[in-house]
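Counting from 42, one number per residue, gives the positions in the sequence shown under the working numbering.
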Amino acid sequence: MIAGRVAKALGAKRVTIKVGSALLVENGQARRHWLDSLADDIARLIAGGQRVIVVTSGAIALGRPALGLRRRALRLEEKQAAAAAGQILLARAWQESLARHDLATAQLLVTPGDTEDRRRYLNARATMETLLRMGAVPVVNENDTVATSEIRFGD
């Protein structure tokens, strides 16, 4: 994995990997073979001493077929419903792929307000730091059921 070699060359202790819906989801399903391959790379990074954070999208894309929502454009509340249905599928896909390497997975759902409010930011940061110290892989996604600014235009 190129990112691992770059991180090691730069002496990075932490690597953040961003995975968008287009990479993760195909025809309404998680691309399990691809995700398993990425989990292999993540396991190698961790074995090499790096701490890995995953920032993921894909809840709406996975939730659409689960709720029978076809290809048409969705209203905001339908996107929120799809996100709610898809988030559990997304978390499970990450958990299953990383569990093949005995890596604990932790879900963090955040909103812009979590970074703007100092107390909430510090709580989220403390949780993230604790998970990393414990060897878990934090999987971060925006909480699209309550944070709507991003989903008005994306997914």
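Beta carbons: idealized from backbone N, C-alpha and C, even for Gly.
Margin query: Using 9 Å as the threshold, is the C-beta distance between Ser62 and Ala123 below it?
Written below: If you check the CB distance, Ser62 and Ala123 do not come in under 9 Å.
Notebook entry, point to check: Hey, out of Val60, Arg55 and Ile83, whose CA is closest to Glu183's CA?
Noted result: In terms of Cα proximity to Glu183, the closest of Val60, Arg55 and Ile83 is Val60.
Item checked: N-terminal and C-terminal residue of the beta strand (DSSP E) that Asn205 is part of -> Only positions 42 to 196 of the chain appear in the structure, and residue 205 is not among them; the question remains open.
Item checked: Candidates Ala188, Ile87 and Asn68, of which the one nearest Arg111 by Cα -> That would be Asn68, whose Cα lies nearest to the Cα of Arg111.
Next item on the list: Compute every distance between the C-beta of Arg113 and the non-hydrogen atoms of the ligand ZN, then say whether any falls below 8 Å.
Entry: For the structure depicted, the ligand ZN is absent and the ligand set is empty, with no information on it obtainable.
Item checked: Counterpart residues of Gln70 in DSSP-defined beta bridges -> Partner(s): Glu67.
Check: Looking at Leu65 and Ala147, is the spacing between their C-beta atoms short of 9 Å?
Finding: Cβ distance not < 9 Å, so Ala147 and Leu65 don't count as in contact.
Margin query: Could you tell me the alpha carbon to alpha carbon distance between Glu157 and Gly99, rounded to whole angstroms?
Written below: In a straight line, the C-alpha of Glu157 is about 24 Å away from that of Gly99.
Next item on the list: Within its chain, find whatever has a CB closer than 6 Å to the CB of Leu139; leave out the 5 residues flanking it on each side and keep chain order.
Entry: Scanning its chain for C-beta atoms nearer than 6 Å, with the 5 sequence neighbours on each side dropped, one finds around Leu139 the residues Ala80, Thr146 and Val178, in chain order.
Next item on the list: Going by DSSP, name the residue or residues bridged to Thr146.
Entry: BP columns for Thr146 point to Val178.
Notebook entry, point to check: Going along the chain, which residues of its own chain have a beta-carbon closer than 7 Å to the beta-carbon of Ala126, five neighbours each way excluded?
Noted result: Only Gly104, Ala107 and Leu108 meet the Cβ criterion.
Margin query: Please give me, in chain order, every unbroken run of the beta strand (DSSP E) with length at least 3 that falls completely inside the region 77-165.
Written below: Taken in chain order, the unbroken stretches of beta strand (DSSP E) that lie wholly in the region 77-165 and span 3 residues or more are 92-97 and 146-151.
Next item on the list: State buried or exposed for Val187, treating a residue as buried only when at least 16 other CB atoms are found within 10 Å of its CB.
Entry: Flag for Val187 reads exposed.
Check: When DSSP labels each residue in this structure, what does Thr189 get in the three-state scheme?
Finding: Thr189: coil per DSSP, three-state reduction.
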